[in-house]
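Below is one structure; the comments refer to it alone.
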Amino acid sequence: MENNRQNQTNINWYPGHMAKTKRLIKENLEQIDIVYEVVDARMPYSSKIRDLDDIIKNKPKIMIMTKYDLCDKTETKKWIAYYERQNYNVIAMDIEHQFVKKQILHLTEELLKEKWEKLEAKGLLKKRARVLVVGIPNVGKSTLINRLVGKNVVGTGNRPGVTKELNWIRISDTVELLDSPGILWPKIDVGNVAYNLASLTAIKEEILPLFDVTEYILRMFEKYYPNTLKERYGVENIEEDIVETMELIGKRRGCLLRGGEIDYDKVVAIIMNDVKSGIIKNITFDRIEDLSENK
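In terms of my numbering, the sequence shown is residues 11 to 305.
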């Protein structure tokens with residue numbers, strides 16, 4: 011896939027519930043004390059909501075990087091440092107298997123300490139902290155909420171668009187969460203962002219041609235993770251004509267139709283599922299050095 015094709019990608023995709031979500035957040039903003047922004051550690055730039063600060067104004071915010079067990083930690087740590095230099099409060103965590111509730115709640119209390127002290131100085135009781143949880147689709151937002159609550163109170167799924175409405179959920183006597191549907195910005199036209207979102211299933215599969223997305227994934231592996239390409243698919247180099255590479259993978263993985271023809275749809279499904287399901291780990295598709303190109 012040529013870079014100019016990636017750079018010219020222009021997706022206009024703004025479902026009505028996303029526009030509604032932004033409106034409802036603005037309407038409820040006065041009730042919100044702090045914001046948890048959930049991003050995918052495998053794409054810390056692509057999965058960050060572009061206009062979130064415009065929506066939440068000056069509310070304190072914690073960026074929670076999920077799927078930390080699946081990312082290339084060397085690259086993701088560069089992004090953590092980048093955001094911390096911009097005064098973000100960042101927590102990176104494997105919320106599926108190594109969730110640490112205290113870490114998040116402690117930082118929440120630290121960020122709200124001054125506000126609570128002012129209330130006490132006026133003789134007012136400390137209120138329950140009201141937390142807005144936001145993120146693009148399929149970054150683990152619902153899983154995070156379920157871990158914070160300690161039980162499954164919101165639906166989860168390895169696909170975008172599970173949560174549909176804003177819902178208040180009490181997790182303790184001191185903290186209450188406002189869950190929100192996944193948000194995207196109206197136009198995705200920046201660098202490789204659209205392909206990163208599609209590769210890691212943050213946008214619905216029909217938005218970009220799956221064959222193109224699969225080609226993008228393979229070329230990212232060739233560029234950054236050649237060992238993964240070789241060990242998982244038995245391929246050392248991607249041919250200029252991607253069909254030749256897909257044919258080779260199809261033969262090695264037994265993706266054959268009657269007569270020995272390659273089942274290319276099956277090859278695409280295998281590669282997409284390898285990334286989607288987390289079979290392939292230690293990958294981060296966003297790169298700090300590409301940041302100037304993405305702005």
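Cβ coordinates follow ideal geometry from the N, Cα and C atoms, glycine included. As the structure is a prediction and not an experimental result, all values here were calculated from the model.
Under the three-state reduction of DSSP, G145 is assigned to strand. DSSP places T76 outside any alpha helix (DSSP H); the residue lies instead in the beta strand (DSSP E), whose first and last residues are K71 to T76.
Rounded to the nearest angstrom, the gap between the Cα atoms of E241 and I259 is 12 Å. Leaving aside the five residues that flank E257 on each side, the residues in its chain whose CB is nearer than 6 Å to its CB run, in chain order, I272.
The beta carbons of R180 and I105 sit no closer together than 7 Å. The three-state secondary structure of V163, taken from DSSP, is coil.
Distance from V48 to K151 at the Cβ level is roughly 5 Å; contact confirmed, criterion being Cβ atoms closer than 8 Å. When rounded, the separation of the alpha-carbon atoms in M73 and I101 is 6 Å.
By the Cβ rule, the stretch 115-129 does not count as touching the stretch 29-37, because fewer than three pairs are nearer than 8 Å. By the C-beta criterion, the stretch 77-85 is judged not to be in contact with the stretch 125-141, since fewer than 3 inter-stretch pairs fall below 8 Å. Sorting S57, L62, K71 and Y55 by C-alpha distance to the C-alpha of D43 places K71 at the top. The beta carbon of E186 sits closer than 8 Å to those of R138, A139, R140, V141, W178, I179 and R180, all from its chain and outside the five residues before and after it, given in chain order. Taking the Cα of G145 as reference, the smallest distance to any Cα among I289, A212 and E254 is reached at A212. Residue pairing by DSSP puts A139 in a beta bridge opposite V185. Under the criterion of beta carbons closer than 8 Å, I281 and Y235 do not qualify as touching, at roughly 13 Å. The residue from F295, A279, K261 and Y98 with its alpha-carbon nearest to that of D63 is Y98. For K233, same chain residues with a beta-carbon under 6 Å away, outside a window of 5 residues either side, do not exist. In the DSSP annotation of this structure, E124 is not part of any beta strand (DSSP E); the continuous alpha helix (DSSP H) holding it starts and ends at K111 to A131. Along the stretch 221-258, the alpha helix (DSSP H) occurs as fully enclosed runs of 4 or more residues at 236-243, listed in sequence order. Note on geometry: alpha-carbon atoms of A208 and Q108 lie some 26 Å from one another. In the DSSP assignment, D284 falls within the unbroken alpha helix (DSSP H) covering Y274 to K286.
DSSP places I66 in the uninterrupted alpha helix (DSSP H) bounded by L62 to I66. Taken through DSSP and simplified to helix, strand or coil, N206 comes out as helix. Within the same chain, and ignoring the five residues on either side of V285 in sequence, the residues whose Cβ sits closer than 7 Å to its Cβ are S209, L210 and I227. Assigned with DSSP and collapsed to three states, L267 falls in coil, not helix or strand. In the three-state scheme derived from DSSP, where H, G and I count as helix and E and B as strand, D50 is classed as strand.
In this structure, M75 lies away from N206, with their beta-carbon atoms at least 7 Å apart.
Straight-line measurement puts the Cα of I65 at about 23 Å from the Cα of T153.
The shortest C-alpha to C-alpha distance from I217 to any of N283, A204, I298 and Y93 is the one to A204.
Taking E249 as the centre and dropping the five residues before and after it, the same chain places the C-beta of T255 closer than 6 Å to its C-beta, in chain order.
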